[in-house]
Structures are given as structure tokens and as C-alpha cells.
Amino acid sequence: KAGVTQTPRYLIKTRGQQVTLSCSPISGHRSVSWYQQTPGQGLQFLFEYFSETQRNKGNFPGRFSGRQFSNSRSEMNVSTLELGDSALYLCASSLGRAGETQYFGPGTRLLVL
Amino acid sequence: GENVEQHPSTLSVQEGDSAVIKCTYSDSASNYFPWYKQELGKGPQLIIDIRSNVGEKKDQRIAVTLNKTAKHFSLHITETQPEDSAVYFCAARNTGANSKLTFGKGITLSVRP
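Structure representation (C-alpha cells):
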């Protein structure tokens with residue numbers, strides 16, 4: 280079974296631009312969670328989607344948004360990029376029930392200049 | 763919300779020795795505790811997990827113990843090998859409507875050949 284895939288793997292943007300990242304979960308998984316990973320803050324939860332609905336949200340500004348499609352694929356969008364948004368963005372999928380094991384993708388490395 | 767602390771932040775062991783990584787959590791209602799290994803340029807990979815109704819779980823050279831009273835859990839790696847060198851993250855999942863995984867800051871394990 281194929282793992283979680285994320286595209287693109289690397290991205291360079293400038294301040295003020297917006298970016299869209301994509302995540303395809305493991306086949307059969309209905310929940311997708313997004314995390315931001317930085318050296319200083321570690322892994323921080325952004326949001327979780329299940330059956331096209333946002334089920335939970337972390338403490339990030341409204342510039343960070345996401346959505347999930349009927350095939351469980353998910354996208355996250357960051358608008359008006361800031362230098363501090365440079366990070367590794369990780370997507371994790373699970374079957375969907377609370378407490379289920381999450382499997383991570385390789386991440387998208389975003390650099391904001 | 764849940765707070766997960768991981769210590770030490772770095773650990774260096776000689777090949778063949780054992781390594782123990784400890785984490786504490788704050789929410790006594792948390793009921794799921796996974797451990798992830800992250801190698802350079804990759805996403806976190808689940809190596810073992812434990813649920814709150816179990817005190818210990820073992821998988822070959824890796825074991826996890828959970829002390830619910832003290833709210834801490836530990837990862838034990840025996841007969842360490844150079845390929846065990848990586849960053850290890852612990853996490854705890856709280857219960858309720860806003861259930862999510864909260865991660866520790868990670869520990870860098872170096873296994874000296």
C-alpha cells in the first residue's frame with residue numbers, strides 16, 4: 280500500500296505571496312492532519328480534516344487554511360507569507376477514529392525569502 | 763491543553779549499549795502515546811505506540827513503558843546500532859472533541875560506532 284504523498288517537496292516563495300500544499304493520504308484513510316515543523320518550535324498541529332470537515336484546529340493565524348476533498352486528499356494554503364512561515368510542513372493520515380495511528384508523509388520544505 | 767516534555771534533548775551512546783528516552787505529559791485523560799523516528803530529510807516514522815490500558819509494549823529491540831500515575835512514558839532501545847541515530851519524538855493524544863496529538867520537542871540520538 281502506498282504511503283502518504285506530499286507535493287511539492289520543496290518550495291521557495293517571497294514574502295506576501297501565497298502557497299498551496301497538497302497531501303494524498305494512504306488509501307482508505309479518511310483523516311488528514313497538518314503540522315508545521317521548525318527547529319525552534321518542533322512539531323505544531325495546524326488542523327485536522329475528516330470527511331471534508333475540519334475537525335480540529337491549532338493555534339495558527341487565519342492565514343493558514345485547509346480543505347479536504349471527497350477522495351480524502353487535502354490541501355493547505357498559506358496566504359500573505361511571512362519569513363517565519365519557513366518550515367517543513369507535514370501531513371499525516373489515519374483511518375479516522377480518535378486515537379488512531381497517524382502516518383506521516385515526507386513533508387514539503389517551504390522557504391520564504 | 764496537553765503539554766509534552768521530552769528529555770534529554772540529546773543523547774549519545776556507544777553501539778551495543780541501551781538508550782532510554784523519557785517523556786512526561788500533563789493531561790491525565792490522554793490515552794494514546796506514539797513514538798516517532800525522524801531521519802534527515804524524511805517525515806517522522808512511527809516506531810511503536812502504546813495505549814493507556816497497557817503498561818508496556820515491546821517490538822524486537824524497542825520497548826515502551828507507560829506510568830499513568832506519574833504521567834510519564836519511556837522509549838527503550840536495546841543493542842543500539844548506528845542506524846538508530848535519528849531524532850525521536852514522543853507524543854500524547856488527549857481525548858474529547860478537540861482530540862489531537864501533541865509532540866515533544868524531540869531528542870537527537872547519536873550511536874557511536
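Which chain is which? The protein sequence lines are H and Z, in order. Take the first sequence: its letters are residues 280 to 392, numbered as in our numbering. Take the second sequence: its letters are residues 763 to 875, numbered as in our numbering. The beta carbon of each residue, even a glycine, is placed where N, CA and C say it ideally should be.
query	result
Report yes or no: do the region 331–344 of chain H and the region 769–780 of chain Z share at least 3 C-beta pairs separated by less than 8 Å?	no
Leaving out five residues before and five after Phe326/H in sequence, what residues of the same chain have Cβ atoms less than 6 Å from its Cβ?	Trp313, Gln333, Lys336 and Gly345
Does the separation of the CB atoms of Leu392/H and Gln316/H fall below 9 Å?	no
Could you check what DSSP says for Asp779/Z in three-state terms: helix, strand or coil?	coil
With a cut-off of 9 Å, does the C-beta of Pro340/H fall near any C-beta of chain Z?	no
Return helix, strand or coil for Glu331/H, following the three-state DSSP convention.	coil
What did DSSP end up calling Asp821/Z once you bin it into helix, strand or coil?	strand
Using the rule of at least 16 other Cβ atoms within 10 Å of the residue's Cβ for burial, across every protein chain shown, is Leu362/H buried or exposed?	exposed
Would you list the one or two residues that DSSP bridges to Pro796/Z?	Asp811/Z
Cutting at 6 Å between CB atoms, please list the residues of its own chain near Leu374/H, excluding the five before and the five after it.	His308
Residues in its own chain within less than 7 Å of Gln323/H by CB, not counting five upstream and five downstream?	Tyr314, Gln315 and Gly337
Using a Cβ-Cβ cut-off of 9 Å, state whether Pro385/H counts as contacting chain Z.	yes
By the DSSP assignment, the beta strand (DSSP E) with His838/Z in it spans what residues?	His834 to Ile839
Nearest-angstrom Cα distance between Asn356/H and Ile869/Z?	30 Å
Starting from Leu369/H, find everything on chain Z with Cβ-Cβ shorter than 9 Å and list it in chain order.	Gly805 and Pro806
Let me know the secondary structure DSSP gives Gly345/H once reduced to three states.	strand
With 9 Å as the threshold, decide whether the Cβ of Phe324/H is near any Cβ in chain Z.	yes
Which residue's Cα is closest to the Cα of Leu389/H: Gly803/Z, Asn765/Z and Gly778/Z?	Gly803/Z
Step through the CB atoms of chain Z and report whether any lies within less than 9 Å of the CB of Thr293/H.	no
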